[in-house]
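> This structure is in C-alpha cells; I'll ask about it shortly.
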Amino acid sequence: MTEIDKISAARSEWETTILKEQLAKAPESHEVFTTESGIPVKRLYTPADVAGIDYLSDIGFPGEFPYTRGVYPTMYRGRHWTMRMYAGFGTAEDTNKRFRYLLQGGMRGLSMAFDLPTQLGYDSDDPLAEGSVGRVGVAVDTLADMEIIFKGIPLDQISTSMTINAPATVLLAMYIALGEKQGVAAKKLTGTTQNDILKEFIARGTYIFPPGPSMKLTMDVVEYCFKHLPKWNTLSITGYHIREAGADAVQELAFTLANAIAYIEAAQQRGLDVDDFASRLSYSLGCHRDLFEEVAKFRASRRLFARIMRERFNAKDPASLLFRTFSGSCGSTLVAQQPMNNTVRIAMHALMGILGGHQAIHTASWDEGHALPSEEASKLSLRTQQILAHESGLTNTIDPLAGSYYVESLTSEIETRVTEYLRQIDAQGGMLKAIENGYVGAEIQRSSIRLQQAIDAGEKVIVGVNQYTEEEETSHADQYLHIDQDIDAQQRKKLQMVKTGRDNAAVTKSLKELSVAIDGNENLIPPMIEAVKCYATIGEICNLMRVRWGEYKDPSVL
Amino acid sequence: MTEKKTRVLISKLGLDGHDRGAKLVAHALKEAGIKVFYQGIRHTINEVVDKAIQEQVEFIGMSFLAGDHMTIVPKVINELKQKQAGNIKIFIGGIILKEQIPELKSMGVQQVFLPGTPLKEIADYVKTHAAKQDL
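In the order they appear, the protein sequences are chains Z and E. Each step along the first sequence adds one to the number in this note's numbering, with nothing skipped, and position 302 is 327. Each step along the second sequence adds one to the number in this note's numbering, with nothing skipped, and position 18 is 596.
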C-alpha cells in the first residue's frame, strides 16, 4: 500500500464516521462550493489531490523552468515589486504634479493614464472629443504636453508604463523625442507601452483601425524597440481588461495567452527570432475576488507560458520564458456602496498580487466607484502595499502558498482548463479568427451574465450591495476628485497656441514623409519621431492612417 | 392580435468602450420580454437619436463610465426635442454621483441607476413606465 493509498483510505474512514456524524447534525451552508470562476472546490484537499504533480518538472525552483514558483531566483528577498500607481488626469500640469507627488512618496515607476481622445487618436479640439478631454487620463495632443508632464522628471531615472494601445506608436515616438530633448539616449529609456490591440477588440473598445493594420502598428513597436530601445517593454499583453469585461479567471488567462501566441507569430512573420523580442514582452493580469483562485492563476500562468515558449516556439533564451507581470486591482470588484469598505478589498488585491509573485503591482483606490482617485485615496492604496511589503512578513520566503494541497491542485486544474481553451482557439485557426467569428466575445458574455445573475440572486454575496446594505449611506462626495469642467477649453487653447507657434512648413513636410511611409508599409516610428518633434498633433498623425486604412466598427452583437 | 412589445434602445455614447454594463442591461431586458436594440460602442448623439426614431422606441437607456454624462445627456435630450421625439423616456446608468441625480432629472432624465443596481430593477422600471400595450 502506497502512502497515498493509506491517506485515501483514512479519508474514506473519516468521511464515513466523524464527517458523516457532523453533517447529520449540521449540514454545510451550500450543497456545492466553487471558486469565483465556477471551478468546484472540495471540502478538503490532501496529498492524494497532488499525487499527479511532479515536483521537479511541474513546480521546480524560482528562476528555473517551468517558473511556477516565480520568475526570479530570489523574488522579493532581492527587492520588492514595483509599486505602480496608475495616474494621469486633467491637464499635463495636473499630471506632472501628481507624478512628482508619487515619486516623492517612494514610488519608482510611473503609470500613465491617457484621456479617451488621446487613446483614440483625436485632438482635444476634435468635435468627438467634447466632454472627454482630461477625464479618465491626461490629454496629450502634442510633444508640448509630454514636456510638461515630465518636467523635472529625468527619463533615465524612472520607468514609465503607458496605457496606450491603438496610437502606441505615436506616444512612444513622443517619449523618444522627449528623451532626446532631455539628453537621454533611446537605448537608456525604460518603460512599457501597453500596445495590446487584440484585447481592445475583445474587451476594452479603444481600437481605431481594422485588425490587420492595428497588428502592423503593434509590430512596428516590437521591431523598432528590438533595434533601438533594448530596455523597453514593447507590449503588455493584458488579461486585466478581459477579466473586467466579464471573463472568468480561466478565460482571462486563456485569452491572454492566445493573444500572446498571436503576437509572437506576427513578430516571427516580420523575420524576428523569438529570442530577439520575447524577453521584452510583459503581461498583466487582474487581482479579482477569490484569493486562492487568483494565486493559482498567477502560478499557472508562469508554468503555461514557459511551456508554450519552449514547446511551441522553441525559445532558447531563458529570458524568453519568463511571464513577467504587472497585476492590478480589478476595479469591477470595488463597489459604490459604503465605499470605504473597498480599502479592505484593495488590501486583498495587494495580498493576491504579492502571493502571486508579480513584478509590479497596482492597487486601486476606494473611491473608484464614484470618481477618479483623489490624492488621499491614491496615497492610501500605495501605503497599503508598503504596509504589506514591510510589516507583514509576506516577503520573507518565495511563493509561500506552494505545497498547499488546495493551491497546487487548483494551479493544475486552471492549467488544464486553459490548455483546453487554447486547443479550441487553435482549432478555429487562431486568436484573430476566434475574435472575428465572435467566439471570444460570446464566451465572455456568458461568464458576465452568470456572475451578474449570481449577484442579483444573492447567491454571491457582495457586502453593501446585496447584503449588509444601508438605507442612508454616509456621503463622501466632498472627498472625491473633481475635474474642472473647463478643462476642454483650457486644453483646446493650449493646442491652439502650440499650432500657432510651431513651424508649420516643417509639420507639413514631416506628415508628408509619414504618409509616404504608410503607403510603403514601412516601420512608422522613425517618421513619427520626426513629426512629433515638429509638434505635429496626435490627430494629424492618426488621421493619415485613418484615411489610408479606414476605421473599425463594432459589430455590436449581443 | 399579436402583442406589441415595449421597445428600448440601449446605447453607449461618447468615446468610452466599457460595455459590460450596457450589454448586461440589454440582455436582462430581452430576457424580460422587452424588444431591445443595442447599438454597440462609440455612437454619436445623432446616431442614437436617429436610431431611436427609426426603431420607434419608447425608451433610450444610456451607460456612462467616463464622466462625460453631464455633457452628453442634455445634448441627447435637446436633439430628441429638435426632432419631435421628446416623448422618448431616458434612463441612464454607470459611474454617476448620487449628488448629480437631481440635476440629471431636471434635464429630463426619467431614471438614474447607480452601480450595484440589480438588473431586475431596471427591467421592472421599464415595464412600470411603459405605455399600456393595448392602446
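Glycine residues also receive a C-beta, built at the ideal position from the N, C-alpha and C atoms. Predicted model, so just to flag it, every value in this text is computed and none were measured.
With 16 other CB atoms within 10 Å as the buried threshold, where does A51 (chain Z) fall?
Per the 10 Å Cβ criterion, exposed.
> Assign F348 (chain Z) to one of two classes, buried (16 or more other C-beta atoms within 10 Å of its C-beta) or exposed (fewer than that).
Buried, since its Cβ has 16 or more Cβ neighbours within 10 Å.
> Could you check whether I512 (chain Z) and G115 (chain Z) sit closer than 9 Å to each other, using their CB atoms as the reference points?
Going by C-beta atoms, G115 (chain Z) is nearer than 9 Å to I512 (chain Z).
> By alpha-carbon positions, which one of Z:N529, Z:P580, Z:K519 ends up nearest to D148 (chain Z)?
Of the candidates Z:N529, Z:P580, Z:K519, the one whose C-alpha sits nearest the C-alpha of D148 (chain Z) is Z:K519.
> Start and end of the alpha helix (DSSP H) containing F323 (chain Z)?
Per DSSP, F323 (chain Z) belongs to the alpha helix (DSSP H) from 316-332.
> If we ignore side chains and look at the alpha-carbon of each, how far apart do H707 (chain E) and H313 (chain Z) end up?
Spanning the two alpha carbons is a distance of roughly 37 Å.
> Please state if the CB of H596 (chain E) and the CB of L643 (chain E) are separated by a distance shorter than 9 Å.
The answer is yes: Cβ separation under 9 Å.
> Within its chain, find whatever has a CB closer than 8 Å to the CB of I655 (chain E); leave out the 5 residues flanking it on each side and keep chain order.
Within the same chain, I655 (chain E) has close Cβ partners G664, I668, M685, G686, V687.
> Please confirm whether H387 (chain Z) has its beta-carbon closer than 9 Å to some beta-carbon of chain E.
H387 (chain Z) does not count as touching chain E.
> Secondary structure at V614 (chain E), three-state DSSP: helix, strand or coil?
Correct three-state label for V614 (chain E): strand.
> May I ask which residues mark the beginning and end of the alpha helix (DSSP H) holding G311 (chain Z)?
Premise fails: G311 (chain Z) lies in the beta strand (DSSP E), 306-312, not in any alpha helix (DSSP H).
> On a CA-only basis, which of E:I674, E:L593, E:K582 is nearest G146 (chain Z)? Give me that one, please.
Here the closest residue by C-alpha is E:L593.
> Can you give me the start and stop residues for the beta strand (DSSP E) that A502 (chain Z) sits inside?
First-last for A502 (chain Z): undefined, no H or E at that position.
> Among the residues of its own chain, which have a CB less than 8 Å from the CB of D712 (chain E), if the five just before and after it don't count?
With a pLDDT of only 42 at D712 (chain E), under the threshold of 50, the placement of this residue in the model should not be trusted, and no figure is reported.
> Going by other Cβ atoms of all chains shown within 10 Å of its Cβ, with 16 needed for buried, is H647 (chain E) buried or exposed?
Counting Cβ neighbours within 10 Å, H647 (chain E) comes out buried, since at least 16 surround it.
> Taking the C-alpha atoms as reference points, what is the distance between E290 (chain Z) and M456 (chain Z)?
Whole-angstrom Cα-Cα distance: 11 Å.
> Would L157 (chain Z) pass as an interface residue toward chain E - the criterion being a Cβ-Cβ separation below 9 Å?
Correcting the residue identity first, residue 157 (chain Z) is Ser in this sequence and not Leu. True, the Cβ-Cβ gap to chain E drops below 9 Å.
> Measuring CA to CA, which of Z:E269, Z:I423, Z:A76 is closest to G353 (chain Z)?
The shortest Cα separation from G353 (chain Z) among Z:E269, Z:I423, Z:A76 belongs to Z:E269.
> Could you run through the region 635-658 of chain E and flag, in chain order, every residue whose CB is less than 8 Å away from some CB of chain Z?
The residues in question are A644, G645, D646, M648, T649, I650.
> Could you list which residues in chain E have their beta carbon closer than 7 Å to that of I371 (chain Z), in chain order?
Those within 7 Å of I371 (chain Z) in chain E number zero; the least Cβ separation is about 16 Å.
> What are the residues that DSSP puts in a beta bridge with S184 (chain Z)?
According to DSSP, which records beta bridges pairwise, S184 (chain Z) is partnered with Z:G134.
> Do A325 (chain Z) and M334 (chain Z) have their C-beta atoms closer together than 9 Å?
Cβ distance not < 9 Å, so A325 (chain Z) and M334 (chain Z) don't count as in contact.
> Only counting the same chain, and skipping five residues up and downstream in sequence, which positions put a Cβ closer than 6 Å to that of F90 (chain Z)?
Closer than 6 Å at Cβ, skipping near neighbours: A331.
> To be precise: take each residue of the region 680-691 of chain E, compare its Cβ to all Cβ atoms of chain Z, and keep it if any distance is under 7 Å. Which residues remain?
So nothing in the stretch comes that close.
> From M579 (chain E) to V572 (chain Z), what does the alpha carbon distance come to, in whole angstroms?
Low confidence applies to M579 (chain E): its pLDDT is 44, below 50, so where it sits in the model is not reliable, and the reading given next is rough at best. Each residue's alpha carbon lies about 51 Å from the other.
> Below 9 Å between beta carbons: does that hold for P192 (chain Z) and C559 (chain Z)?
For P192 (chain Z) and C559 (chain Z), no; Cβs fall outside 9 Å.
> Tell me whether F415 (chain Z) is buried or exposed, calling it buried when 16 or more other Cβ atoms sit within 10 Å of its Cβ.
According to the sequence provided, residue 415 (chain Z) is His. The question's Phe does not apply to it. That one is exposed.
> Strictly under 9 Å for the Cβ-Cβ distance: is M579 (chain E) near chain Z by that measure?
With a pLDDT of 44 at M579 (chain E), under the threshold of 50, the modelled position of that residue is not reliable, and the figure given next carries that caveat. Not an interface residue.
> Quick check on the burial criterion: 16 or more other C-beta atoms within 10 angstroms. Buried or exposed for F234 (chain Z)?
Buried, by the Cβ-count rule.
> According to DSSP, is A340 (chain Z) helix, strand or coil?
Note: A340 (chain Z) maps to coil in three-state DSSP.
> According to the neighbour-count rule (16 or more other Cβ atoms, all chains shown, within 10 Å of its Cβ), is T350 (chain Z) buried or exposed?
Looking at its Cβ environment, which holds 16 or more other Cβ atoms inside 10 Å, T350 (chain Z) is buried.
> Are the region 126-141 of chain Z and the region 152-164 of chain Z touching, with three or more C-beta to C-beta distances below 8 Å?
Judged by Cβ distances under 8 Å, the region 126-141 of chain Z makes contact with the region 152-164 of chain Z, as three or more pairs qualify.
> Check whether chain E comes within 9 Å of Q470 (chain Z), counting only Cβ atoms and requiring the distance to be less than that.
Output row for Q470 (chain Z): interface = yes.
> At the level of alpha carbons, what is the spacing between H105 (chain Z) and G381 (chain Z)?
Cα to Cα, H105 (chain Z) sits roughly 13 Å from G381 (chain Z).
> Note down, in chain order, every chain E residue with its Cβ under 7 Å from the Cβ of Q6 (chain Z).
What is shown of chain Z runs 26 to 583, which leaves residue 6 (chain Z) out entirely.
> How is the beta strand (DSSP E) around T350 (chain Z) delimited, first residue to last?
350-354 is the extent of the beta strand (DSSP E) around T350 (chain Z).
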